[in-house]
Ligand SMILES: [Zn+2]
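Chains as they are written, first to last, in our numbering: chain A, 2 to 490; chain B, 176 to 662.
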């Protein structure tokens, strides 16, 4: 027990529901929240004689997810039966994949302090969901709802390489971003079970030898739970090791209220799933055409987009991450700035993340591009960058532009001119606004003169008000100082 | 003359007068009911229509291209492991007592689309597991040729109903020989098509990769006609293939001369009954006199095929029968306190011994420690069986062999020794393992007990196979046991 320099090793197993119209092996609608057992048929109820037929759209979405995660899609994959008895598993087996999954060897870049880390993914398989058991509504019996039964899932398994609970969380956030916003294969609503994660955690010593675990942690209903449960388990294992124990493999359940994990089943009760080839389904073959169809319109990975935003457009990592949040926003920014140079990109990015994002959200629009064409935004950003618009007049200009339909760059110029929004640095004009402001506040002028210099900001605010925000702040500040001094003299 | 002895006889009655259908239907019903009477009832049916309607079903408009409406008004029986909305589907099991499927099998819907009238559902070994129809929870079926003997199985009820003249044809199902073997033992024709030819949708699964829906009839031509009606791609069965149905009008008994017929030596070993051997040899003599080229061939994997079959079939059965858990349908044991008890008692009380034996066997061979040694090896062997047969079928037009090693055996004689029962499938499992079509044709009898000869052809060669079968049928001139004791 000398070497307590242990490290944490975490692996994740994620199930994501594909956003298909119908279930994986039958024609039942794949909807959430319908009344119990109203979306069922002989197939998904496991009635005698019913047979599965594969939903081609589920295959397309699964392949698309695989491509978005850099997997190698297998030309031929096979379905198997994973067998166990449980009341919400009507056939007594789940149709899934095992020895020949849909895709192998993917990866996902997760942001970290060092600028990103590649997490290798083992396999991606296509499988059906089970029904839902409700145990707490009736005293002496359980209720079963088979609406969920047969919904299409993909299972994504990471290599056990995540080093901390927070990294595990970051992985999941990134995974959801890719699948929901980039590949658009799932709505990934965790509260509706569209994204479910199981985690396993081990402690290893500096030589990579396992000191504790591997412990599987179940019942993780949110990203916060994943992080918290793993942290709890990490501490528990470390304490056991410190006491001289070598805790072994087991499955534990996370109790979110108590913030504790408790044992579910030990290793001695490992289930034998008696996997066998699914004789009712021929091998699944993916040809070039279906690969192309699945990849149609698939944007580059968010990590790639972020790298470009940072390296090519000079955004900060935080800014890049916010812009790359959705592929549409990143594309919009890139279309706006084109090769306009770093300052323009940063100015435009500020406008996109600020007022445009807020307005888009307020109006419930898909993309910022629906508010303002890239060319118009580019013109506005350029005006702001050239100092011809202030922060305040730029904001005002945007407000007015939102009311126009597809404004062009010349519409921007026209609007700025007609509404007199350009910044004014011309001394005579500035002096008029400053004198107006000072004349209205003789008392404050006195105090300034008496040495209360922080009142300068107050006077600037008054000048801006007098100028309707058009005064060039730098020039106005200089002139304000000079006039206050001259008044002293 | 029994108007139910052939499709042609049915059509003759149907077209001869306006109320032809009512008469044919009542005749079929009366004959079916009679099979349930007497001291030793044949007991071919598990459920029957209550009454014969006056007006027969019309073939649906889309059916005319397929079957020419040639099943219009014809009573047909269906094995009770094929789903029907009009009758219970019990699979011969207590587990499914009274169970009525909410949908009909594709094969049944196609029969009805072609105008057929489903008379009732026939007895079988529970879930198709058996070769004698003694493993039915609802009592055994007896062989119309000799009521002290079994009709074969598992489609024994369908075979007996056809042999006894209650219907001209019936649907059966075959996993290891369950259509050809009872056909042979009852002296009728049994046709198992190519795997993927007839949709399995609605056939209650026993071993999905081996299960086929087949046809029992009194002539090859009638069997081919029914096959034509039920065959063809079905989007509900992912293993069904896009092939045009084989056409009955292309089945011709005309020419045997020049056909090469392969005779596998392995099907004539010690286990072959002397009487059956003599009937086979006489038939081979007739064939060669007609100009067929009789060629000895070798299928070395024959003996291993049976072992391979009894690994794969139980393995798939253990999986397919997991759904009978007492939760959603079928038998649920009353008064259970725990989930374990619900499963244990529902399944314990619902399944018969033979089904349990196969579930245990299948669970065993699929368990992680034994999977490689049993299941994976059986799959390898299955490929070898198929390769063997395809190699031979590359050299000859058809393989011809006895359908079973012996004629019908006495009721109860093999129940104590399951592996003796399993040997009844010795000659038939290979075609199921390879997925090729096979046909049993009556070729004679041994002391009044019918003997069947089996033809096997390459995949999708049903038309050729049925033509050769029809030629043998004509050559042998075997008189089906229509009159014995059942009118
Ligand atoms: Zn369904």
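Even glycine gets a Cβ: it sits at the ideal position worked out from N, Cα and C.
At a cut-off of 8 angstroms, the C-beta of residue 86 of chain A has a neighbouring C-beta in chain B. Taking a beta-carbon distance threshold of 8 angstroms, residue 381 of chain B does not count as an interface residue toward chain A. Look at the beta carbons and you see the segment 284-293 of chain B not touching the segment 308-315 of chain B: under three pairs across the two are nearer than 8 angstroms. Here the residues close to ligand 1, judged by CB distance below 6 angstroms to any of its heavy atoms, are A/24, A/27, A/29, A/41, A/42, A/44, A/45 and A/151 in chain order. Identification of chain A residues near residue 491 of chain B by a Cβ-Cβ cut-off of 8 angstroms yields 277 and 280, ordered along the chain. Contacts with chain A (Cβ-Cβ distance below 7 angstroms) from the segment 572-596 of chain B involve no residue at all. Using a Cβ-Cβ cut-off of 7 angstroms, residue 483 of chain B is close to nothing in chain A; its nearest Cβ partner there is about 15 angstroms away.
For a Cβ distance threshold of 7 angstroms, nothing in chain B lies close to residue 99 of chain A: the least Cβ distance comes to about 12 angstroms.
Residue environment analysis places residue 130 of chain A among the buried positions, since at least 16 neighbouring C-beta atoms fall within 10 angstroms of its C-beta.
Going by beta carbons, residue 402 of chain B and residue 342 of chain B fall outside the 8 angstroms limit. DSSP, read as helix, strand or coil, puts residue 18 of chain A in strand. When secondary structure is reduced to three states using DSSP, residue 252 of chain B falls in the strand class. With a cutoff of 8 angstroms on beta-carbon distance, residue 250 of chain B and residue 219 of chain B are scored as not near each other. In this structure, DSSP gives residue 256 of chain A an extended state, which the three-state scheme calls strand. Counting other Cβ atoms within 10 Å of its Cβ, residue 136 of chain A stays below 16 and is therefore classed as exposed. Under the Cβ criterion (8 angstroms, minimum of three pairs), the segment 359-379 of chain A counts as touching the segment 336-343 of chain A.
In the assembly as shown, residue 579 of chain B is a buried residue. Its beta-carbon has 16 or more other beta-carbons within 10 Å. If you ignore the 5 residues before and after residue 393 of chain A, its C-beta comes within less than 6 angstroms of the C-beta of 470, all in its own chain and listed in chain order. Taking CB atoms only, residue 262 of chain B has no neighbour in chain A less than 8 angstroms away. Using a CB distance cut-off of 8 angstroms, residue 92 of chain A counts as an interface residue toward chain B.
Closer than 7 angstroms at the C-beta level to chain B, one finds no residue of the segment 292-326 of chain A.
Taking the beta carbon of residue 82 of chain A as reference, the chain B residues within 7 angstroms of it are 494, listed in sequence order.
At a cut-off of 8 angstroms, the C-beta of residue 466 of chain B has no neighbouring C-beta in chain A. Going by beta carbons, residue 274 of chain B and residue 260 of chain B fall outside the 8 angstroms limit. Cβ-Cβ distances below 7 angstroms link residue 454 of chain B to 618, 619, 621 and 626 in the same chain, with the five nearest sequence neighbours on each side left out; the list follows chain order. Around the C-beta of residue 121 of chain A, fewer than 16 other C-beta atoms lie within 10 Å, and the residue is accordingly described as exposed. At a cut-off of 8 angstroms between C-beta atoms, residue 206 of chain A does not count as an interface residue with respect to chain B.
For the beta strand (DSSP E) assignment, the uninterrupted runs of no fewer than 3 residues enclosed by the segment 22-104 of chain A are, from N- to C-terminal side, 80-84 and 94-98. With a threshold of 16 other beta carbon atoms within 10 Å, residue 215 of chain B falls short and is exposed. Inter-residue distance for residue 476 of chain A and residue 112 of chain A is about 42 angstroms (C-alpha atoms, whole angstroms). Within chain A, the residues placing a beta-carbon under 8 angstroms from that of residue 276 of chain B are 43, 48, 49 and 50, ordered along the chain. According to the DSSP assignment, residue 279 of chain A belongs to no alpha helix (DSSP H), since it is labelled neither H nor E. Considered as a whole, the segment 463-489 of chain A harbours 474-489 as its complete alpha helix (DSSP H) runs of no fewer than 4 residues, in chain order.
Put simply, the CB of residue 504 of chain B is near chain A, with a gap under 8 angstroms to one of its CB atoms.
Within the segment 349-382 of chain B, contact with chain A at the beta-carbon level (separation under 9 angstroms) is assigned to 374, 375, 376, 377, 378, 379, 380 and 382.
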